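Written below as structure tokens is the structure these notes are about.
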RNA sequence: GGCCCGUUGGUCAAGUGGCCUAAGACUCCGGCCUCUCACGCCGGCAACACGAGUUCGAAUCUCGUACGGGUCACCA
């Protein structure tokens, strides 16, 4: 039994039996049609907007079916691992409403723990499981140890590079260790030489393997012929092997991942077959792109700050806005649906993988901004104030201090033209804009300027401010009637229409008179409803601002 | 370079052989509403990558070309 000897030399330590693993992780008992999906990031501590998108689609796929969405940590490459990466990953995901049913789950802000019966969900803790299946492969002659060094491999690549149009990689006559006699292999192992384990591919490049991608439809590719590495020198599996073992044992039904994996499907299919597993369904989602120099390219972690979801938080885009935007990318029908169902949770949207676009979409910040304005417009003043305050505490401490000194004030300000309005204002797209939006309400931030309309002279402005008397008791109609009356008294038209009909007869119109008052109170040419603003200020502060403006003109 | 995927207005996209003189949304430009702005409403600009073929008929099917993207690691 030479193969058994090889297997024993390769794996001297006791390992679970594959059959036992099968019974330990039985088929899931789920309702008909329920799907099992997963999100499987490596813990680099950096959540890419594209990863969020993928995770989101995975979760969405499951929600309507009563299935399971789990999180698996792919930490098989210790070089890329980052301290605290898992924790920050979970936080980022949770902030965007991605909450797995199983796997490594956050239980509170400082603590994570595994949930579910198909664990461990962290690959570094599954070493024995991979090795058990790897050993079984060796026993069947479907895998073999390879002793080629990095140098040998790179000269192999050089030779292939010069050989022209041949398939690159470890196969055929290039696969030197493939046909190493078993005795020799055992000797190498026993002498302590480092080795990797490779799949002994029985693929044929002339044959084609058909499969169905859930978003792209039928695809045909040449069979895999590469003797891919499945166990690295340190005994840890490569992505490909871990994918086969984990997604089989965790009973994943749909592997939804980014497009870059499409090319390795033939390998994955061969791995599933070699292990005796039934392959899952695949869906490959196109990557998010960014336009540059007229072309498009993948959003890059290094070059594009907006590739990181943390960027959106810093800018103050509500997580909800990002998700709503992502929904637009997931299905073009979403916007219509949303218009018809403004308050329905997006999980209820009838979503299908098939409807997803097979081409990569440019990430459109302008569109996000529009969506975000809509999301923020739907918030009450109190809610918006709360969100903005939370944002400020993290990203604008000075603002946070000012807000804290005026408890409840921000909510009053933001309620203007918002709470109860049929057409709430849509001029804030990010929490980061709130500071500028409300600055004139706070004496600490107010810039005393007096932007007057083009035709308005200083004398006329002074006359208006001298004559104007603010009374906090007026309702909106009375308030405006007072301004109109003042306008007429000072030689301004009572309405813009009247002015337009006979411009020569007036100094201007009510709008100009209001503009002067607005400028005096707020320092700005445009604002939300001035009457409401003045109410929030209170009589004393309004009069104070008016007086200051007069002094300014007369100084 | 081999293999694979993709290509409808500036952007996201509907469209699965006749309903397409090609929908909708964002942007941009006009106008209306209006005390300003924002909103809202009305209108406008703007596209089937190219070439062959199949067909009575093609954005839609086939082939080729071009362009874009992915992949070819002991990274995922």
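Numbering (our numbering), first residue to last: 1351 to 1905.
A virtual CB, placed ideally from N, CA and C, is assigned to each residue, including glycine.
Because the structure is a prediction, the values reported are computed rather than measured.
Cβ-Cβ separation between residue 1697 and residue 1413: approximately 5 Å, consistent with a contact (criterion under 8 Å). By the neighbour-count definition (other C-beta atoms within 10 Å, threshold 16), residue 1523 is an exposed residue.
The beta carbons of residue 1779 and residue 1709 sit no closer together than 8 Å. Distance between residue 1370 and residue 1423, taken at the CA atoms: about 23 Å.
For the segment 1482 to 1518, the full-length alpha helix (DSSP H) segments reaching 4 residues or more read 1500 to 1513 along the chain.
With the rule of 3 Cβ pairs closer than 8 Å, the segment 1466 to 1475 does not count as touching the segment 1351 to 1364.
Sequence-distant Cβ neighbours of residue 1816 in its own chain, meaning closer than 7 Å and more than five residues away, are 1900.
Per DSSP, the beta bridge partners of residue 1398 are 1658. In the DSSP assignment, residue 1454 forms a beta bridge with 1464.
In this structure, DSSP gives residue 1411 a helical state, which the three-state scheme calls helix. When the Cα atoms are used, residue 1375 and residue 1389 turn out to be separated by approximately 19 Å. DSSP places residue 1374 within a helical segment (H, G or I) once states are collapsed to three.
The Cβ-Cβ distance between residue 1361 and residue 1537 does not fall below 8 Å. Collapsing the DSSP output to three states places residue 1756 in coil.
For residue 1624, the enclosing alpha helix (DSSP H) starts and ends at 1615 to 1625. Just measuring C-alpha positions, the residue of 1727, 1392, 1711 and 1782 sitting nearest residue 1609 is 1711.
Comparing alpha-carbon positions, the option among 1689, 1902 and 1566 lying closest to residue 1634 turns out to be 1566. DSSP places residue 1890 in the helix class (H, G or I) of the three-state scheme.
Of all alpha-carbon atoms in 1792, 1797 and 1891, the one lying nearest the alpha-carbon of residue 1819 is that of 1891. Distance from the CA of residue 1737 to the CA of residue 1833, rounded to the nearest whole angstrom, comes to 36 Å.
Excluding its 5 nearest sequence neighbours in each direction, residue 1707 has C-beta neighbours in its own chain below 7 Å: 1636, listed in chain order. Residue 1769: not part of any beta strand (DSSP E); DSSP gives it neither H nor E. In this model, residue 1588 and residue 1439 are separated by some 22 Å (Cα to Cα). Of the residues assessed, residue 1392 falls on the buried side of the cut-off, its CB having 16 or more other CB atoms within 10 angstroms. Contact annotation: the segment 1786 to 1802 touches the segment 1746 to 1760, with at least three C-beta pairs closer than 8 Å. With respect to the 8 Å criterion, residue 1518 and residue 1512 are not classified as neighbours on the basis of their beta carbons. Residue 1877 sits in coil when the DSSP states are folded into three classes, being neither helix nor strand.
By the neighbour-count criterion, in which 16 or more other beta carbons inside 10 Å mark a residue as buried, residue 1516 falls on the exposed side. Here the alpha carbon of residue 1685 sits roughly 19 Å from the alpha carbon of residue 1774.
Secondary-structure assignment with DSSP links residue 1387 through a beta bridge to 1419.
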